[in-house]
Structure formats: C-alpha cells, structure tokens
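Quick notes on the structure that follows.
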Amino acid sequence: MATTAPREGSTDGRRTAAAARRRQRESEILDATRALFDERGVRDAQIEDIAKAVGINRAIVYRHFTGKEELFALTLVGYLDELRAELLRASGSPGTPTDRLSAMVSAFVEYGVAHPAFVDCAQSLMRRTGTELLQEISENAMFRLGRGISGCLAVLSTGLQAGVESGDFTVEDPVVLANMLYASGLGALQLARVGILVTEAAPGVPTIGSISSDQVKQYLVASALALATRGN
C-alpha cells in the first residue's frame with residue numbers, strides 16, 4: 013500500500029504548535045518559581061513545590077531546564093527586567109547627572125528592599141564561578157541571564173558616561189564602576205534586610221546596633237557619588 017508523505021506545511025505547523033506549547037510550559041514554571049520566591053524566599057523554594065504549583069511532576073521541570081541553577085537564573089532574568097525598567101525611569105528624571113545617578117541608585121535599593129528574593133537569587137548565582145555556571149546552565153539561559161544583567165548595567169553606565177561628558181564625573185571606565193556599584197549594592201541590600209550593625213563597645217567587646225534601609229540607601233548614594241566625582 014502506498015503511503016502519503018506528510019505535507020511540509022503540516023509538519024511545520026505541528027513543530028510551531030509544539031514550540032508554542034513548550035514556551036507556554038516554560039513560562040508557567042518560571043511564573044510558579046517567581047511566586048514561590050516572593051512568598052517563601054529562594055532557600056525554601058523546592059522543585060517539588062514548583063512542579064506542584066504548575067500541576068506537573070518534577071521530571072517535567074527537568075525536561076525544560078537543565079537543573080535548579082538554570083531555573084533560578086531564568087527567574088532572576090524576570091527580576092532584572094523589572095529592575096531595568098525602574099532604572100530607566102530614574103535615569104530620565106530631571107536634574108543634573110548627579111541627580112540622575114542618585115535617582116538610579118535609590119531605585120536600585122528600593123527595588124531590592126521590595127523584592128528580597130531578587131537579592132537572594134542574584135547573590136546565590138554570584139557565588140558561583142563562571143566555569144561552574146557554564147557547566148550547569150545552557151548557553152541560551154546564560155545568554156538570557158547576561159542580557160538581563162547587562163541591560164541594567166547599561167542604563168547605569170550610560171548615566172555615568174553622560175556625567176563624564178558633561179564634566180560632572182571623573183570616571184575612567186563607566187562600565188567597571190557600574191559593575192562595582194551593582195555588586196556592592198547587592199551586599200548592602202543584604203545589610204538592609206538584616207538591619208544589624210556590629211561594632212565594638214570596647215576593645216574586644218562586640219555590641220549590636222541597628223541600621224535601616226533608608227540609611228543603607230543614603231550610604232550607597234553617597235558612595236556612588238563619591239566614586240563618580242573623585243578628583244572633582
């Protein structure tokens with residue numbers, strides 16, 4: 013009996029539909045991961061809980077993501093996209109380059125305080141070396157993560173470069189400073205969450221103080237301005 017080969021158009025249609033279903037399922041898994049992050053924090057978000065929220069078993073999660081690190085990395089991308097939007101709004105605020113840099117650093121702190129899971133997720137990935145991440149995350153996921161981070165840093169470095177061109181800032185490499193501000197900002201956001209300062213009441217005698225998120229924000233803004241205007 014002669015068989016009829018499938019028409020090319022119908023094959024392409026099935027592939028397109030399958031790809032759309034895959035993207036939809038990936039989106040559902042990432043949405044569930046983000047919801048658990050926001051509700052419980054990164055440490056308490058388990059693959060089993062994520063799968064249950066989507067209505068699938070954990071094996072299906074691993075069909076779409078190489079592992080927990082990749083899932084967390086792509087969830088971080090969602091936070092980074094939101095952060096970039098906040099930084100863009102701040103970068104368009106009126107005033108001098110100094111005013112706009114202050115607004116961007118403030119926006120970064122305010123977003124991090126409002127989304128502690130963003131800080132946890134970003135810090136957990138920063139503790140891994142580039143080699144480790146490349147072994148655990150697919151090239152596509154790494155590209156998306158890099159694009160998310162670089163998108164935020166580009167807003168900041170563009171603002172720094174504008175200040176250099178106007179004579180307000182003296183920054184040798186705005187890209188390097190933008191990266192440094194991002195990394196140090198994540199650490200300071202952890203301090204804002206803990207709210208505890210450790211100092212000495214007397215030599216060798218530790219004592220505990222407190223620090224607010226507003227104080228952390230003021231310190232980060234002052235530090236960024238000092239680094240951007242040193243020598244002026």
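If you read the sequence shown in the working numbering, its first letter stands for residue 13, the second for the next number, and so on.
Even glycine gets a Cβ: it sits at the ideal position worked out from N, Cα and C.
This one's a predicted model, so the numbers in the text were calculated from it and none came from an experiment.
Minimum C-alpha distance to Gly158 - residue among Asn191, Gly179, Val183, Ala44: Per the C-alpha coordinates, the member of Asn191, Gly179, Val183, Ala44 positioned closest to Gly158 is Asn191.
Could you check whether Cys133 and Phe84 sit closer than 7 angstroms to each other, using their CB atoms as the reference points? Going by C-beta atoms, Phe84 is nearer than 7 angstroms to Cys133.
Kindly indicate if chain C contains any beta-carbon less than 7 angstroms away from that of Ser136. You won't find chain C in this structure, because it holds only one protein chain.
Name the two residues that bound the continuous beta strand (DSSP E) containing Asp53. First, the residue type needs correcting, since residue 53 is Gly and not Asp in the sequence shown. No beta strand (DSSP E) contains Gly53, which DSSP labels as neither H nor E.
Where does the unbroken beta strand (DSSP E) through Ser222 begin, and where does it stop? Element bounds for Ser222: 217–222.
Close beta carbons around Ala115, own chain, < 6 angstroms, minus the five adjacent residues each side: The residues are Ala102, Ser105.
Can the beta-carbon of Gly197 be found less than 7 angstroms from the beta-carbon of Phe130? Contact: no.
If you compare alpha carbons, which of Ile223, Ser39, Gln173, Cys164 is closest to Leu209? Closest by alpha carbon: Ile223.
Taking Thr45 as the reference, which of Thr241, Ala32, Thr28, Val73 has the closest Cα? Selected option, being the one with the closest Cα: Val73.
If you draw a straight line from the C-alpha of Gly53 to the C-alpha of Pro128, how long is it? So the alpha carbons of these two residues sit roughly 8 angstroms apart.
Along the chain, where does the alpha helix (DSSP H) that runs through Val233 open and close? Membership of Val233 in the alpha helix (DSSP H) is indicated by the continuous run 225–241.
Please classify Val217 as buried or exposed, where buried requires at least 16 other C-beta atoms within 10 Å of its C-beta. Classification for Val217: exposed.
Where does Ile208 sit, in a helix, a strand or coil, going by DSSP? When secondary structure is reduced to three states using DSSP, Ile208 falls in the strand class.
Given a threshold of 16 other Cβ atoms within 10 Å of its Cβ, counted over all protein chains shown, does Ser118 qualify as buried or as exposed? With 16 or more other Cβ atoms within 10 Å, it is buried.
Below 6 angstroms, is the gap between the Cβ of Asp111 and the nearest heavy atom of the ligand NAP? Judged by which ligands are present, the structure shown has none, so any question about the ligand NAP falls away.
Can you give, in chain order, each stretch of the alpha helix (DSSP H) that sits fully within the region 86–154 and has at least 4 residues? If one requires a minimum length of 4 residues, the alpha helix (DSSP H) runs lying completely within the region 86–154 are 109–126, 128–138, 142–148, in chain order.
Taking Val73 as part of the alpha helix (DSSP H), name the residues at either end of that continuous run. 70–76 is the span of the alpha helix (DSSP H), which, as asked, contains Val73.
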